[in-house]
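*Asks:* Per our numbering: the sequence shown = residues 1 to 309.
Glycine residues also receive a C-beta, built at the ideal position from the N, C-alpha and C atoms.
Please read these numbers as outputs of a predicted model, since none were measured by experiment.
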Amino acid sequence: MAMVLLVAVALIYVIRAAPFEVLGEIRPGTVTLSAVLMIGAMQIVFLLLATETWRRVVKVLTGANVGLFSSYMQLAAVAVGKYVPGKVWGFLARTGEMHRKNIPVHMAVMSSVVEQMLLLAGALVVAVGAAMVAVPQLRGSILIAGLAGLIGIVFVSMKIPTIANWLLRKRMPNAVPVRIDGYHPIGILRFVLAYAMIWLLSGAIFSTIYFSLFDVAVTAERVAALVLGNTLGIALGFFAFFAPGGIGVREAIATIVLAPFVPVREALLAAVAYRAWMVLIDGLNGLVLLIREAGRNNTLPAAVEGQED
């Protein structure tokens, strides 16, 4: 019931808050069917890669074997929960999903925190690479700053299990400490690269939307700028706790970053169009969650009746 309420509140907020009126400037015939199919195919690969990467993160950090569909349900819960004011609801939804798989709460929280660190590290890798192509005159400074940031994130990520053990001992002195054998810098970097691929796919979707809307030449610098604007918009939108789903904040950041490279109107329209696409995908995720919850609610009474007989 809680999950149903979460999905309902999230969808209502999205429908009321998303700036869909800006899309009125886009002519219906602008986007071709081939572009839509390409965007859809990339979105499917994006979801599959994100689902599999998260499943492997959970395996390394908790030892639990989470199925592909269950991993997708966790990602769907986060996608829907982020729209509920407070930002914490997506996090709680994922923890609830993991609890159903008998993963202890402290392990679920720890793995979610680590995953966020790895996700941001992947964004950093993509942003640095895109910035080096888009702004070649600052390539050296960007590379040094990026490497420093990446080393810092890896170092902090390595310390998270230690922090989790300390918090666990404070709350439950007799609890068994968290031990993660496969958690080392090389393993962390592999996950960072996996998340970097996910960010690249997101940037590719955004770029395809832009080039399908506007008749402009496809250049390496322009693609790099689009990937950079999309990555920074989404990554920095994570920290906009006052804006559920980062609505408005992501689009503003992406537009500001893209302003030196493309006309502001084009950047804004592309950002809003991408938001509309993501709302559609998140809405489908919410629908899958609702169907799953309805099936579970119907199964539980039947199971109870079977036990009584």
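#1: Using the C-alpha atoms, what's the distance from Arg100 back to Glu305?
#2: Give me, in chain order, the residues of the same chain whose beta-carbon lies closer than 6 Å to that of Gly229; leave out the 5 immediate sequence neighbours on both sides.
#3: Between which two residues does the alpha helix (DSSP H) containing Ile256 stretch?
#4: Beta-carbon within less than 7 Å of Val45's beta-carbon, same chain only, minus the 5 sequence neighbours each way: which residues are those?
#5: When DSSP labels each residue in this structure, what does Asn285 get in the three-state scheme?
#6: Spatial neighbours of Arg222 within its chain, please: CB distance less than 8 Å, with the 5 preceding and 5 following residues excluded, ordered by chain position.
#7: Closest to Ser70 by CA distance: which of Gly63, Tyr83, Gln137, Arg55 is it?
#8: Check whether the Cβ atoms of Ala134 and Ala224 sit closer than 8 Å, and answer yes or no.
#9: State the Cα-Cα distance for the pair Leu300 and Glu293, rounded to the nearest angstrom.
#10: Excluding sequence positions up to five away, which residues of its chain have a Cβ less than 8 Å from the Cβ of Met117?
#11: Given a cut-off of 8 Å on the beta-carbon distance, is the pair Gly122 and Ala196 in contact?
#12: Would you give the residue range spanned by the alpha helix (DSSP H) that Gln43 belongs to?
#13: Taking the alpha carbon of Thr162 as the point to measure from, which residue in Val113, Gln43, Thr32 has its own alpha carbon closest?
#14: Look up Lys159 in the DSSP assignment and say whether it is helix, strand or coil.
#15: Using a Cβ-Cβ cutoff of less than 8 Å, which residues in the same chain neighbour Arg139 once the five nearest sequence positions on both sides are dropped?
#16: Excluding the 5 residues preceding and the 5 following Val288 in the sequence, name in chain order all residues of the same chain whose CB lies nearer than 7 Å to its CB.
#17: How big is the Cα-Cα spacing for Val218 and Thr62?
#18: Whole angstroms are fine: how far does the CA of Arg94 sit from the CA of Gln74?
#19: Along the chain, where does the alpha helix (DSSP H) containing Phe239 start, and where does it finish?
#20: Quick one: is Gln307 buried, meaning 16 or more other Cβ sit within 10 Å of its Cβ, or exposed?
#21: Going by CA-CA distance only, name the one from Val125, Leu290, Leu268 that's closest to Arg190.
#22: Any idea if Asn285 is buried or exposed, counting beta-carbon neighbours within 10 angstroms, 16 or more meaning buried?
#23: For Arg265, does the count of other Cβ atoms within 10 angstroms reach 16, so buried, or fall short, so exposed?
#24: When you compare only the Cα positions, how much space is there between Met110 and Phe214?
#25: Nearest to Ala267 by alpha carbon, out of Ala276, Ile281, Glu251?
#26: Rounded to whole angstroms, what's the CA-CA distance from Gly67 to Ala79? Just pull it up for me.
#27: Note the first and the last residue of the continuous alpha helix (DSSP H) segment covering Gly122.
#28: Reducing DSSP to helix, strand and coil, say where Asn230 ends up.
*Replies:* For this structure:
#1: Summary for Glu305: the model assigns pLDDT 49, below 50, so the residue's position carries little reliability; its value from the coordinates is reported in the next sentence. Glu305 and Arg100: Cα-Cα distance of roughly 21 Å.
#2: Ala254, Val257, Leu258
#3: 249-258
#4: Leu201
#5: helix
#6: Val216, Phe261, Val262
#7: Arg55
#8: yes
#9: For Leu300, the predicted model reports a pLDDT of 48, less than 50, meaning its position is unreliable and no value from the coordinates is stated.
#10: Ile153, Val156, Ser157, Ile160
#11: yes
#12: 33-62
#13: Val113
#14: helix
#15: Met132
#16: Ala76
#17: 44 Å
#18: 5 Å
#19: Here Phe239 belongs to no alpha helix (DSSP H), and DSSP marks it neither H nor E.
#20: With a pLDDT of 48 at Gln307, under the threshold of 50, the predicted position of this residue should be treated as unreliable, and no value is reported.
#21: Val125
#22: buried
#23: exposed
#24: 44 Å
#25: Glu251
#26: 18 Å
#27: 105-134
#28: helix
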